[in-house]
Ligand SMILES: [Zn+2]
């Protein structure tokens with residue numbers, strides 16, 4: 172059972188603890204390396220604002236952008252945590268070996284040898300989850316052939332496989348987007364004549380998500396081939 176990842180912070184304005192999860196991240200502000208409840212941040216800006224156009228006035232004007240960036244910042248941290256938990260669970264290790272931290276950083280930034288672009292943590296995690304069965308199969312086949320890898324070697328090996336599959340993964344994602352749009356269009360067309368358009372939008376989205384999920388499950392095996 173997967174635990175919900177969370178980050179514990181303290182609001183730099185009211186001093187109360189803040190629990191950041193994917194659900195709450197949208198309402199938490201990260202500004203100049205400090206964390207705030209969005210309400211507290213607004214209050215702070217209003218209190219500190221001395222004249223129009225000063226730093227705090229600007230922060231208030233840019234509130235939506237700051238909130239959007241904060242959300243991205245926290246989601247990225249949460250996904251990194253999910254990735255570390257995933258690695259520990261899948262490879263049955265208590266701590267992440269230091270070379271893995273280093274390798275992951277090189278992968279995120281695209282500085283690992285032979286890489287032309289970085290792989291964002293969210294893509295790496297998604298790709299790894301979808302591909303883990305295949306990676307386990309490859310490991311089992313290697314063992315049969317007499318090539319037994321210890322955990323470190325196995326992770327190194329698997330990361331190289333994932334890096335090499337990244338282009339196919341990106342193509343696959345694109346294809347999923349097109350399929351989803353196509354599916355949505357068909358459902359909308361099918362229902363247009365007899366149901367209120369607003370109801371459809373919600374329903375078709377659900378149908379569509381369900382269909383995509385079904386299709387994705389079917390595709391998992393040949394995603395990256
Ligand atoms: Zn607060």
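Numbering (our numbering), first residue to last: 172 to 396. The beta carbon of each residue, even a glycine, is placed where N, CA and C say it ideally should be.
Between the alpha carbons of residue 339 and residue 177 lies a gap of roughly 31 Å.
Cβ contact annotation for residue 252 (same chain, cutoff 6 Å, sequence separation greater than five): 176, in chain order.
Per DSSP, the beta-bridge partners of residue 208 are 199.
In the structure shown, the three-state DSSP call for residue 276 is helix. Relative to ligand 1, the nearest heavy atom lies less than 7 Å away from the CB of residue 211. Shortest Cα-Cα distance from residue 281 to any of 184, 334, 301 and 324 involves 334. In its chain, beyond the 5 residues on either side, 250 have a beta carbon closer than 7 Å to the beta carbon of residue 293.
An exposed status is given to residue 319, since fewer than 16 other beta-carbon atoms sit within 10 Å of its beta-carbon. It is roughly 11 Å from the alpha-carbon of residue 216 to the alpha-carbon of residue 184. Among the bridge pairs identified by DSSP, residue 179 is matched with 190.
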